Amino acid sequence: MLTISQAAEYLGVSLNTLRRWDESGKLTAIKKDGGTHRYYREKDLEIFASDLMKFASEWIEDGIEFPGTFYCATSSIFNARLIKMEYALMKKPGFEKLYSLITLVTGEIGDNSFAHNIGRWPDTPGIFFGYDLEKRIVVLADRGLGVLETLRQVRPELPNHVEAVEVAFTEFISGRAPEKRGNGLKLVREVIIDQPFDLFYTSGDAEVRMRGSNKVFRVTRGQRIVRGCLAKIEF
Amino acid sequence: MFGKNRILENNPPSLNLPAGRQGYGETEKYMTLQLEKFGKTLISRELGGEALKAFQSTLRELAEDEVLEINFSGVLTLSPSWADEFLSPLLNQLGDRLVLLSSDNLSVQATLKILEEVNKQPFKNK
């Protein structure tokens, strides 16, 4: 059993957050013999921290706090954590060569968030970056301006999120200044089509779902409007 | 950064080339840049730009008749954003005098392919 301080360190949140989560039932603590001290089973914390998509989508939709271990406030923190993932992936059987393409896709999507929002984050700077190599999943999210607003700086005529995401993934935009959006997402699309990876990407109400063996790239309009960007890569 | 442990090697091909490899001709000079000196994981656009700035002073030493050879060995991941900030300007500046050594790394191969599309200009390979 872990104490509340140990649990706070494990998840990277404050004691107050854990108390609040206990009171709201989001993460219930154990109290021994009717006492007031809160305790946690490590296994429960592990399960709690494993729902990456839930944390990422709740954060960008409603600003709900998530375990700090997934937070990269700056691009250097993101780079450091990405290198850690890359080394772990290299050792995974079957990924001795593919690791570099998973790192590339993850790195491009994450770096895009920083490159397009630097100095202009609407509220919380930085990104959510979580991965689970056992489940073969990477989740990235940001509460930035989103693809439409950043692309409108070079394409003011873009009418909606769907067309903006379409452009971001398919067109080479020449004379990119001041918007440094180049070729990264284009290569992400090609890699996902060629390799046994699946991608879910959303920004605004635009959604890209590329799954299975006959993958096609198509942007559709979803039900929800997402703040910034959210991406899930499965491999 | 480029002091004792210089990233450029400036040797006559005969000293540096394994037997059987094609050189640049008897008189042609070249320099080799080991790209991994900038890191093994080359992802961010910002750091690609920083790498190019750091490389400028060394690049000025490249003679007009010299070839700059890029060796990717040791690089684990190369992303198009990093490479667009580093390799695309070098390609514009040097043209045929920029030569890329082949790599079996999948991210290097994919990135170079897309940069050729972006720049509408193929890289010279060796």
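Protein sequences appear in the order of chains R and Y.
So the first sequence is numbered by our numbering: it starts at 747 and just counts up by one.
So the second sequence is numbered by our numbering: it starts at 46 and just counts up by one.
For glycine and all other residues, C-beta sits at the position ideal for the given N, C-alpha and C.
Since we're looking at a predicted model, the values are computed, not measured.
In this structure residue 858 of chain R touches residue 931 of chain R by the C-beta definition: roughly 7 angstroms separates them, less than 8 angstroms.
By alpha-carbon distance to residue 103 of chain Y, the top candidate from Y:86, Y:84, Y:78 is Y:78. Identification of residues in the region 817 to 837 of chain R having a C-beta nearer than 7 angstroms to some C-beta of chain Y yields 821, 825, 828, 829, 832, given in sequence order.
Assigned with DSSP and collapsed to three states, residue 99 of chain Y falls in helix. Rounded to whole angstroms, residue 880 of chain R and residue 113 of chain Y show a C-alpha spacing of 42 angstroms. Closer than 9 angstroms at the C-beta level to chain R, one finds these residues of the region 141 to 163 of chain Y: 149, 150, 151, 152, 153, 155, 156, 158, 159, 160, 162, 163. Residue 874 of chain R places its beta carbon 9 angstroms or farther from that of residue 943 of chain R. With respect to the 9 angstroms criterion, residue 860 of chain R and residue 896 of chain R are not classified as neighbours on the basis of their beta carbons. With contacts defined by Cβ atoms closer than 9 angstroms, residue 164 of chain Y and residue 133 of chain Y form a contacting pair. Secondary-structure assignment with DSSP links residue 115 of chain Y through a beta bridge to Y:78, Y:145. The distance from the Cβ of residue 933 of chain R to that of residue 99 of chain Y is about 25 angstroms, inconsistent with a contact at the 8 angstroms cut-off.
Our two residues, residue 870 of chain R and residue 73 of chain Y, have alpha carbons roughly 54 angstroms apart in a direct line. Residue nearest to residue 853 of chain R within the set R:780, R:876, R:748 is R:876 (criterion: CA-CA distance).
In the DSSP assignment, residue 976 of chain R falls within the beta strand (DSSP E) that extends over 965 to 980. The alpha-carbon of residue 962 of chain R is positioned some 42 angstroms away from that of residue 101 of chain Y.
Straight across, the Cα-Cα distance linking residue 161 of chain Y with residue 170 of chain Y is about 12 angstroms. With respect to residue 89 of chain Y, residue 124 of chain Y sits close: the two C-beta atoms are nearer than 9 angstroms. Around residue 898 of chain R, the same chain offers 904 as residues with beta carbons nearer than 6 angstroms, after the five sequence neighbours per side are excluded. The beta carbon of residue 115 of chain Y sits no closer than 9 angstroms to any beta carbon of chain R. Around the Cβ of residue 803 of chain R, a 10 Å sphere holds 16 or more other Cβ atoms; the residue is buried.
Straight-line spacing of the CA atoms in residue 751 of chain R and residue 761 of chain R works out to 7 angstroms.
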